[in-house]
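Some notes on the structure that comes next.
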Amino acid sequence: MNSFNQHDFLRDKTTWIGYLLIGTYCLTLSSMSPVVPYLRDELHLNYTVSSLHFSAWALGGITAGSFGNIIIRKLGCSRAIWTCAAGLCTAVIVLLVAKHEFFTIGSGVLGGACGSTMGQGIVSIMSERFGPNRSIGITEANICGSLFAFAAPLLMGQFIDCHLTWRAALLVPLLAFFAFWIYARTVFTPYSAAATGGFAGGKLPTRYWFFWFVIWFAVASEWSIIYWTSEFLERAKHLVRADAIRCISIFLVTMLLGRVIGLKLARTYKLGPLLAVVSMLALVGFLIYWLGPTPMVSLIGLGLTGLGMSNIYPLSYSQAIGSAENKAGLAAGRMSISTGTAVLVTPLAMGAIGDRLGIQSSYAVIALLMTLAMILLVVSAVRAKGSPE
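Numbering (the working numbering) for the sequence shown: 5 to 393.
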């Protein structure tokens, strides 16, 4: 692996195209939330079948984690990135024209698999180029993804306000992917051979699996909060439904702000202690949010939770990829299984517990997950004390 210092991190054309591809994938994925209600009306679906559209994208990510490295080894990193971008566009086109839920749900599996595999290739190239400074690139890519995800419902709403359909809004990522390919289809080629080598089979080190579980706990917590916040604030904190829905933005905005702050901190402090501190902040914030005596106190806690949680995923991801050394691609692929299963399983499990015990009690699941993530990160920081990052 190449050795870089902070000054070797370059936001050149290759870096920006990587960010934009990841961002456009996040835009496409986040568009599903406002699209599904329209699909439910058009195809006359019930809520259970409608929810499978979200599960399909997670299942696609799990598939990419299992087989994406094989595809990248066969095609090479650069070709695989653009092939998967084309596959993601195909998934969007199927969604636009399909008249049966079998195809709309299937498009989600295809889109999740292609988008996740594309991301694996981009992360592997970043790791090859920037070495120890991969955390900067991964965090900035996550900031870009967060911005695009935040823009998705706003873009969809703007198209609807202009008397255009949701289908017209989904033409935006299609055109974006095509423009990126026309403008920059060779930018990854110089780094492709070296990065592709990172997708060879073999065993990943114990330290990698340590962070694999940290990320599982963190992603499960993050998505459960996003999925259930409006319901929790309405049922447990007695907010009006419209206000409860709007309050989700507190978590999303503080997540974005936290990643911007974390980018600065990651340049200054060792990642191990930094991760331990942000995990503690996230847990304290969540306990305030969950157990706060008034809605205002709970919303303050929600914001603190977002600030803390924002950096657990990108910085832990960087630690995991770094621990894999010359198997960065394989490590990125296996991490898709972690994130995919977390998104697929935990919100549904919380819903089942909520049906039996109530939404307030079901939040104990998130508290447990965040506590486990914090314990692992504190242990990691203590064990790494005095050693170089």
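Every residue, glycine too, gets a C-beta built ideally from N, C-alpha and C.
DSSP three-state label for S340, please. Taking the sequence shown and counting its residues from 1, one reaches residue 340 at position 336. Here S340 sits in helix by DSSP.
Relative to the C-alpha of G382, which residue among S322, I316 and S150 is closest? The residue given as residue 382 occupies position 378 in the sequence shown. Here the sequence assigns Val to residue 382, which means Gly is not the residue at that position. For V382, the nearest C-alpha among the options comes from I316.
Which class does V349 belong to by DSSP, given the choice of helix, strand or coil? Position 345 of the sequence shown, counted from the first residue, corresponds to residue 349. Residue state, collapsed to three classes: helix.
With a 10 Å radius around its C-beta and 16 neighbouring C-beta atoms as the bar for buried, classify R133 as buried or exposed. Counted from its first residue, the sequence shown places residue 133 at position 129. By the C-beta density criterion, R133 is buried, having at least 16 other C-beta atoms within 10 angstroms.
Return the CA-CA distance between A346 and S228, expressed in angstroms with no decimal places. Taking the first residue of the sequence shown as 1, we reach residue 346 at position 342. Taking the first residue of the sequence shown as 1, we reach residue 228 at position 224. It is roughly 9 Å from the alpha-carbon of A346 to the alpha-carbon of S228.
Whole-Å CB distance - A224 paired with T350, under 8 Å assumed: Within the sequence shown, numbered from 1, the residue matching residue 224 stands at position 220. Within the sequence shown, numbered from 1, the residue matching residue 350 stands at position 346. The Cβ separation is near 4 Å, so the contact holds.
Roughly how far, in whole angstroms, is the beta-carbon of L49 from the beta-carbon of A156, given that I think they are within contact range, below 8 Å? Here residue 49 refers to the residue found at position 45 of the sequence shown. Here residue 156 refers to the residue found at position 152 of the sequence shown. Not a contact, Cβ separation roughly 21 Å.
Checking 8 Å against the spacing of the C-beta atoms, do M354 and A286 come in under that value? What you label residue 354 is simply residue 350 of the sequence shown in a count that begins at 1. What you label residue 286 is simply residue 282 of the sequence shown in a count that begins at 1. Going by C-beta atoms, M354 is not nearer than 8 Å to A286.
Are the beta-carbon atoms of A377 and W294 separated by less than 8 Å? Counted from its first residue, the sequence shown places residue 377 at position 373. Counted from its first residue, the sequence shown places residue 294 at position 290. No. Outside cutoff.
Should P194 be labelled buried (16 or more other beta-carbon atoms within 10 Å of its own) or exposed? Indexing the sequence shown from 1 puts residue 194 at position 190. With fewer than 16 Cβ atoms within 10 Å of its Cβ, P194 is classed as exposed.
List the whole-angstrom C-beta distance separating K78 from G206, where the pair is believed to meet the contact cut-off of C-beta under 8 Å. Translated into positions along the sequence shown, residue 78 becomes position 74. Translated into positions along the sequence shown, residue 206 becomes position 202. Actually they do not touch by this definition, with Cβ atoms about 17 Å apart.
Residue range of the alpha helix (DSSP H) that includes R138: Taking the sequence shown and counting its residues from 1, the one referred to as residue 138 is at position 134. Taken as a continuous stretch (DSSP letters only), the alpha helix (DSSP H) holding R138 covers R138 to D165.
Quick one: using the 10 Å Cβ neighbour count with 16 as the cut-off for buried, is T309 buried or exposed? In the sequence shown, the residue the question calls residue 309 occupies position 305. So T309 ends up on the buried side.
Please confirm if the region 138–158 is in contact with the region 78–92, defined as three or more CB-CB distances below 8 Å between the two stretches. With a cut-off of 8 Å, the region 78–92 and the region 138–158 do not count as touching, because too few Cβ pairs lie within range.
In the DSSP assignment, find the unbroken alpha helix (DSSP H) run with E46 in it and report its ends. Numbered from its first residue, the sequence shown carries residue 46 at position 42. From DSSP, the alpha helix (DSSP H) with E46 extends over M36 to L47.
With a cut-off of 8 Å on the beta carbons, I'd call G112 and A60 a contact; round off their distance for me. Here the question's residue 112 lines up with position 108 in the sequence shown. Here the question's residue 60 lines up with position 56 in the sequence shown. Between G112 and A60 a beta carbon distance of about 3 Å is seen, short of the 8 Å cut, so the two are scored as contacting.
What's the gap between the Cα of M122 and the Cα of W86? Translated into positions along the sequence shown, residue 122 becomes position 118. Translated into positions along the sequence shown, residue 86 becomes position 82. Cα to Cα, M122 sits roughly 8 Å from W86.
Inter-residue Cα distance where the pair is W216 and L348: Mapped onto the sequence shown, residue 216 falls at position 212. Mapped onto the sequence shown, residue 348 falls at position 344. In a straight line, the C-alpha of W216 is about 16 Å away from that of L348.
Just checking: is the beta-carbon of Y187 within a distance shorter than 8 Å of some beta-carbon in chain C? Absence of chain C from the displayed structure is noted, only one protein chain being present.
Give the C-beta separation of A180 and L159 to the nearest angstrom, bearing in mind that I take them to be a contact with Cβ-Cβ under 8 Å. Translated into the one-based positions of the sequence shown, residue 180 becomes position 176. Translated into the one-based positions of the sequence shown, residue 159 becomes position 155. Taking a contact as a CB-CB distance under 8 Å, the pair A180 and L159 does not count as one, their CB atoms being some 11 Å apart.
In three-state DSSP terms, what is F255? For the purposes of this step, residue 255 is taken as residue 251 along the sequence shown, with counting starting at 1. In the structure shown, the three-state DSSP call for F255 is helix.
Starting from D247 and walking both ways along the alpha helix (DSSP H), at which residues does that stretch end? The residue you call residue 247 lines up with position 243 of the sequence shown. Run containing D247: R245 to R250, per the alpha helix (DSSP H) assignment.
I'd like the list of long-range same chain contacts for P318, defined as Cβ closer than 6 Å, with 5 residues on each side in sequence excluded. Residue mapping note: residue 318 aligns to position 314 of the sequence shown, counting from 1. Excluding sequence neighbours, P318 sits near I142, T143 and N146.
To the nearest angstrom, report how far apart L306 and L260 are at their CA atoms. Within the sequence shown, the letter at position 302 stands for residue 306. Within the sequence shown, the letter at position 256 stands for residue 260. L306 and L260: Cα-Cα distance of roughly 14 Å.
In this structure, how does DSSP classify A199 when only helix, strand and coil are distinguished? The sequence position of residue 199 within the sequence shown is 195, counting from 1. In the structure shown, A199 adopts helical secondary structure according to DSSP, grouped into three states.
Flag this pair as yes or no: are the beta carbons of G27 and C118 separated by less than 8 Å? Indexing the sequence shown from 1 puts residue 27 at position 23. Indexing the sequence shown from 1 puts residue 118 at position 114. No Cβ-Cβ contact shorter than 8 Å links G27 with C118.
Which whole-angstrom value is the C-beta distance of R387 and L208, which I expect to be below 8 Å? Taking the sequence shown and counting its residues from 1, the one referred to as residue 387 is at position 383. Taking the sequence shown and counting its residues from 1, the one referred to as residue 208 is at position 204. Not confirmed; about 18 Å, so no contact.
Comparing the CB of V191 with every heavy atom of the ligand ZN, is any distance shorter than 7 Å? Looking at this structure, you won't find the ligand ZN or any other ligand, since it has none at all.
Since G362 and L311 should fall inside the 8 Å C-beta cutoff, what is the C-beta to C-beta distance between them, to a whole number of angstroms? Looking up residue 362 in the sequence shown gives position 358. Looking up residue 311 in the sequence shown gives position 307. Your pair G362 and L311 does not check out as a contact, with CB atoms roughly 28 Å apart and the cut at 8 Å.
Report the option in T18, P41 and L33 whose CA atom is closest to the CA atom of W169. The residue labelled residue 169 in the question sits at position 165 within the sequence shown. According to the sequence provided, residue 169 is Thr. The question's Trp does not apply to it. With distances taken between Cα atoms, T169 lies closest to P41.
Cβ of L114 within 8 Å of Cβ of G72? The residue you call residue 114 lines up with position 110 of the sequence shown. The residue you call residue 72 lines up with position 68 of the sequence shown. A distance of 8 Å or more separates the beta carbons of L114 and G72.
Given that a residue counts as buried once 16 or more other Cβ atoms are within 10 Å of its Cβ, and exposed if not, what is S384? Residue numbering aside, residue 384 sits at position 380 when the sequence shown is read from its first letter. Classified as buried, S384 has 16 or more neighbouring CB atoms from the shown chains inside 10 Å of its CB.
Only counting runs of 4 or more residues, tell me where the alpha helix (DSSP H) segments fall wholly within the region 81–121, in order along the chain. Runs of the alpha helix (DSSP H) inside the region 81–121: 81–101.
Measuring CA to CA, which of L334, G69 and V176 is closest to G344? Stepping through the sequence shown from its first residue, residue 344 is reached at position 340. Of L334, G69 and V176, the residue nearest in Cα terms is G69.
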